[in-house]
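In this text, residue positions in the sequence shown follow my numbering: the first is 134, and each later residue adds one.
Working notes for the structure below.
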Amino acid sequence: MSWNIEVVTVVVSVGIGATVFMDVFGVIRARFTGQPGMNWAMVGRWLGHLVGGRAVLANPASAAPVPAEKLLGWLVHYGVGVGLAGGLTLLLGPDWLRQPPAVMVVGFGAVSVVLPMLTLQPGLGLGVAARLAPNPWKARRGSLLAHFVFGVGLYLSALLFGGVLLGN
């Protein structure tokens, strides 16, 4: 199978679906553990300051707010999800969307945890791999779990959207 509008539509759908799956899991996890989920407004704030030349916010909560920071954070979050689905499709080729290899897809999601560990966490003042967080290993486990769940979401979304839009 080659790239065409249907494949692009499935890639976008899979990326959004996997991100929604991860976010729903996060809400359920927060409800049962009392642990708050990700604050996407702070991500938007960091990005706003990043564009202004400030790469690290030592204390994001006390940094000056930026316009539409919450919307910006959410849009980038979903954009990254779509980008990761696209990256996986470049890596495996579009055929994976019809018959997703579970271990490889879930593994890709889990490995994608390196992105926030090397960019987002340092940018939010937590250091590489959250080494400056109050409980670094708890933060790392939470990030890894979220990205593992994202990988499960990639797999399930590919089964759904690949089957519906591309046929099996």
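The C-beta atom is built at its ideal place from N, Cα and C for all residues, glycine as well.
What you are looking at is a predicted structure, and each value in this text was computed from that prediction instead of being measured.
Taking 8 Å as the CB-CB cut-off, is residue i touching chain D?
{"i": "P193", "result": "In summary, chain D is missing from the structure at hand, where a single protein chain is found."}
Take residue i and list the residues in its own chain whose beta-carbon comes closer than 6 Å to its own, dropping the five residues that flank it on each side.
{"i": "V282", "result": "M155 and F158"}
{"i": "L259", "result": "L265 and A266"}
{"i": "A291", "result": "V147, L230 and P233"}
Secondary structure at residue i, three-state DSSP: helix, strand or coil?
{"i": "V144", "result": "helix"}
{"i": "A194", "result": "helix"}
{"i": "L259", "result": "coil"}
{"i": "V189", "result": "coil"}
{"i": "A266", "result": "coil"}
Alpha carbon to alpha carbon, how far is residue i from residue j?
{"i": "G170", "j": "V140", "result": "32 Å"}
{"i": "L257", "j": "H210", "result": "15 Å"}
{"i": "P200", "j": "A174", "result": "10 Å"}
{"i": "V239", "j": "L251", "result": "20 Å"}
Taking the alpha helix (DSSP H) that residue i belongs to, which residues open and close that run?
{"i": "A218", "result": "E202 to L225"}
{"i": "F283", "result": "P269 to S290"}
{"i": "V239", "result": "A235 to V244"}
{"i": "W173", "result": "W173 to V184"}
For residue i, which residues from the same chain have a beta carbon less than 8 Å from its beta carbon, with the 5 sequence-adjacent residues on both sides left out?
{"i": "G216", "result": "G148"}
{"i": "L183", "result": "G256"}
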